[in-house]
Amino acid sequence: MTVLYLAHTECDNSLHKSALEALTAAKALADGMGSDLVVGLIGADVAEAAGTIGGCGAKFYAVSGPEFADGRYASDLVAAEAIAKACSPEVVVAPATSRFSRALPGLAIRLGGRVDTHLSGLSAEDGKPVAKRWFYRQRMEGTLTRDERPWVLTLDSGCAEPFAGAGAADVDALTVDVASRTKVAGMECASEDQQTIRPDAALLFVAGAGWTKKQADGATHVPEAEETIRVFLDATKSSLGSSKSLVDISGEGGAVISFLTHMHQVGQTGATPRHPKGLSTCCHGEEPHVVGWRFIKERRAINLDAGCGWAQGKCDVLYVGDAFAIMKKVNELLG
């Protein structure tokens, strides 16, 4: 039996952290099943990526060239298909990136297999692959097995430790003809200051509705709240999140923080970030919000109410005080 691990390179020809995590899971699955591990790489130039993971002990295949530098359904699909047909895998494991989330379901169809996406874990039981996935807004975790082969699986980021094992890799290069009407004209990326959702940031900063409520002087201070939050984000390069009540407040006619959207919402939508640290401000620690924090390793909160939800054993440290004053002092200390 064979387990195929697929990955694509980034714009600098490296492998993303999520790709290294998926390799750890794929290698553990292959070892548990007693199967051979095969690595398939797609990108403009895969030499650097292959050297990064050369110590995994797998056989390497690659499809590379300028036409594979950027994500396109047509080119990614034919590249993945060529690699899969070269090794005839029973299981295909890949990171659940936006690029592979588009292409790999098509791979399963072409190979006559099945696909399951956004998995939270992989394991081998009695020599057979078992996948885990969250359901009901990530409140219940289910286990999945399938008899159909090949079984194509994509793993969400943060579900395994990144693989560390550089070494020399003998890569078997495959030639693929790409016929596509889609041409990549270029890529425009938001600057780091404009992009406030940063999945790889060390800290998640979450703003609650208290930032837009009336303060001790009886008035709201939304512009001041925006400035305080922006200064902290710029200084720490942390990721920004929000409670449901804050992103929904615009529908209630209340003042809003202009740069917060439903994309920032944590908990109620099933979004469960996996940052090493989290700081919740002006949030009361309601159950859906706390559920969204389950994978944050160190949880801290700021709230005026010493009896708020965060104080009920839901965070490691609770700072009882005014978030405006505390965060201003933190910004001063950050310089």
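Count the sequence shown with my numbering and you get residues 1447 to 1781, in order. Where a beta carbon is used, it is the ideal one built from N, C-alpha and C, also for glycine. Treat the numbers as computed from the prediction; the structure is a model and nothing was measured.
Report yes if the C-beta distance between LEU1568 and ALA1577 is below 7 Å; otherwise report no. Counting from 1 along the sequence shown, the entry for residue 1568 is found at position 122. Counting from 1 along the sequence shown, the entry for residue 1577 is found at position 131. Yes, Cβ-Cβ distance for LEU1568 and ALA1577 is below 7 Å.
Find the nearest neighbour of PHE1473 within the set GLY1503, SER1547 and VAL1693, judged by alpha-carbon distance. On the sequence shown, position 27 is the one that residue 1473 refers to. The question names Phe, but residue 1473 is Lys in the sequence shown. LYS1473 has its Cα closest to that of GLY1503, out of GLY1503, SER1547 and VAL1693.
Taking Cβ positions, are ILE1499 and ALA1525 nearer each other than 7 Å? Here residue 1499 refers to the residue found at position 53 of the sequence shown. Here residue 1525 refers to the residue found at position 79 of the sequence shown. Taking 7 Å as the Cβ cut-off, ILE1499 and ALA1525 do not qualify as a contacting pair.
I'd like to know if the stretch 1637 to 1654 and the stretch 1703 to 1721 are in contact, where contact means that at least 3 CB-CB pairs between them fall below 8 Å. Verdict: yes, contact present.
Beta-carbon contacts of ARG1740 that lie in its chain and below 7 Å, excluding the five residues immediately before and after: The residue you call residue 1740 lines up with position 294 of the sequence shown. The beta carbon of ARG1740 is closer than 7 Å to those of THR1718 in its chain, skipping five residues each way along the sequence.
Assess, as a yes-or-no matter, whether the stretch 1604 to 1621 is touched by the stretch 1468 to 1487 under the definition of 3 or more beta carbon pairs within less than 8 Å. Three or more Cβ pairs drawn from the stretch 1468 to 1487 and the stretch 1604 to 1621 lie within less than 8 Å of each other, which places the two stretches in contact.
Cut-off 6 Å between Cβ atoms - residues of its own chain near ALA1769, not counting five sequence neighbours on either side: As a position in the sequence shown, residue 1769 is number 323, starting the count at 1. Same-chain partners within the cutoff: THR1727, CYS1728 and ILE1748.
Give me whichever residues DSSP pairs with ASP1482 in a beta bridge. Your numbering for residue 1482 matches position 36 in the sequence shown. In the DSSP output, where bridge partners are listed per residue, ASP1482 has THR1448.
Please report the straight-line C-alpha distance between LEU1452 and GLY1781, rounded to a whole angstrom. Residue 1452 sits at position 6 when you count from the first residue of the sequence shown. Residue 1781 sits at position 335 when you count from the first residue of the sequence shown. Rounded to the nearest angstrom, the gap between the Cα atoms of LEU1452 and GLY1781 is 44 Å.
Suppose you measure from the CA of ASP1663 to the CA of ALA1771; what does that come to, to the nearest Å? By one-based count along the sequence shown, residue 1663 stands at place 217. By one-based count along the sequence shown, residue 1771 stands at place 325. Each residue's CA atom was taken as its position, placing ASP1663 and ALA1771 some 14 Å apart.
When burial is assigned at 16 or more other CB atoms within 10 Å of the CB, is GLN1711 buried or exposed? For the purposes of this step, residue 1711 is taken as the residue at position 265 of the sequence shown. Within 10 angstroms of the beta-carbon of GLN1711 lie 16 or more other beta-carbons, which makes it buried.
From ALA1614 to ALA1493, what does the alpha carbon distance come to, in whole angstroms? Sequence index remark: in the sequence shown, residue 1614 carries index 168 (1-based). Sequence index remark: in the sequence shown, residue 1493 carries index 47 (1-based). Going from the Cα of ALA1614 to the Cα of ALA1493 covers about 10 Å.
If you run the structure through DSSP and keep just helix, strand and coil, what is TRP1739? As a position in the sequence shown, residue 1739 is number 293, starting the count at 1. TRP1739: coil per DSSP, three-state reduction.
What are the complete alpha helix (DSSP H) segments, minimum 4 residues, inside the stretch 1508 to 1590? Entirely contained in the stretch 1508 to 1590, the alpha helix (DSSP H) runs reaching 4 residues are, in chain order, 1519 to 1533 and 1544 to 1556.
CB contact flag (LYS1743, PRO1722, <7 Å): Numbered from its first residue, the sequence shown carries residue 1743 at position 297. Numbered from its first residue, the sequence shown carries residue 1722 at position 276. Yes, these two residues count as a Cβ contact at 7 Å.
State the beta-bridge partners of LEU1599 as determined by DSSP. By 1-based counting over the sequence shown, the position of residue 1599 is 153. Note: LEU1599 is bridge-paired with VAL1539 and ASP1562 in the DSSP secondary-structure output.
Comparing alpha-carbon positions, which option in VAL1677, VAL1737 and VAL1693 lies nearest LYS1409? With the chain represented from 1447 up to 1781, any question about residue 1409 goes unanswered, as that position is not in the structure.
Quick check on this structure: which residue in THR1628, PRO1575 and LEU1725 has the alpha carbon closest to the alpha carbon of GLY1517? Locating residue 1517 in the sequence shown gives position 71, where the first residue counts as 1. Ranking the options by Cα distance to GLY1517, first place goes to THR1628.
Measure the alpha-carbon distance for ALA1495 versus THR1455 and round it to whole angstroms. Start at 1 with the first residue of the sequence shown, and residue 1495 comes out as number 49. Start at 1 with the first residue of the sequence shown, and residue 1455 comes out as number 9. Their backbone Cα atoms lie some 7 Å apart in a straight line.
Please classify ASP1477: is it buried, with 16 or more other beta-carbons within 10 angstroms of its beta-carbon, or exposed? Numbered from 1 along the sequence shown, position 31 holds the residue referred to as residue 1477. Only exposed fits ASP1477, as fewer than 16 other CB atoms lie within 10 angstroms of its CB.
Report the residue ranges of all alpha helix (DSSP H) runs contained in full by the stretch 1683 to 1713; include only those spanning at least 4 residues, in chain order. Runs found: 1690 to 1693.
Could you have a look at GLU1594 and say whether DSSP puts it in helix, strand or coil? Counting from 1 along the sequence shown, the entry for residue 1594 is found at position 148. Of the three classes helix, strand and coil, the one that applies to GLU1594 here is coil, per DSSP.
Mind checking whether THR1600 and ALA1540 have CB atoms under 7 Å apart? In the sequence shown, residue 1600 corresponds to position 154, counting from 1. In the sequence shown, residue 1540 corresponds to position 94, counting from 1. Taking 7 Å as the cut-off, the Cβ atoms of THR1600 and ALA1540 count as close.
State the Cα-Cα distance for the pair GLY1731 and GLY1753, rounded to the nearest angstrom. On the sequence shown, position 285 is the one that residue 1731 refers to. On the sequence shown, position 307 is the one that residue 1753 refers to. Here the alpha carbon of GLY1731 sits roughly 10 Å from the alpha carbon of GLY1753.
Backbone CA spacing between ASP1522 and TYR1765 [nearest angstrom]: Counting from 1 along the sequence shown, the entry for residue 1522 is found at position 76. Counting from 1 along the sequence shown, the entry for residue 1765 is found at position 319. Taking the CA atoms as reference points, ASP1522 sits about 49 Å from TYR1765.
Should ARG1745 be labelled buried (16 or more other beta-carbon atoms within 10 Å of its own) or exposed? Within the sequence shown, the letter at position 299 stands for residue 1745. Taking every protein chain shown into account, the CB of ARG1745 has 16 or more other CB atoms within 10 angstroms, so this residue is buried.
Using a Cβ-Cβ cutoff of less than 6 Å, which residues in the same chain neighbour HIS1462 once the five nearest sequence positions on both sides are dropped? As a working note, residue 1462 is residue 16 in the sequence shown. For HIS1462, where only same-chain residues beyond five positions count, the Cβ hits under 6 Å are GLU1456.
Is THR1727 helix, strand or coil by DSSP? As a position in the sequence shown, residue 1727 is number 281, starting the count at 1. Strand, per DSSP.
Mind checking which residues open and close the alpha helix (DSSP H) that includes PHE1770? For this step, residue 1770 is matched to residue 324 along the sequence shown. First-last of the alpha helix (DSSP H) with PHE1770: 1769 to 1780.
Beta-carbon of ALA1655 versus every beta-carbon of chain C: anything under 7 Å? In the displayed structure, chain C is absent; only one protein chain is listed.
Residues near ALA1570 in its chain [Cβ-Cβ closer than 6 Å; skip 5 each side]: Here residue 1570 corresponds to residue number 124 of the sequence shown, with the count starting at 1. Excluding residues within five positions, the ones whose Cβ falls inside 6 Å are LEU1475, GLY1478 and MET1479.
Tell me the rounded alpha-carbon separation between GLY1558 and LEU1483. By one-based count along the sequence shown, residue 1558 stands at place 112. By one-based count along the sequence shown, residue 1483 stands at place 37. So the alpha carbons of these two residues sit roughly 21 Å apart.
Per DSSP, what kind of secondary structure is PRO1489 in: helix, strand or coil? Here the question's residue 1489 lines up with position 43 in the sequence shown. Note that residue 1489 is Gly in the sequence shown here, rather than Pro. In the structure shown, GLY1489 adopts extended strand secondary structure according to DSSP, grouped into three states.
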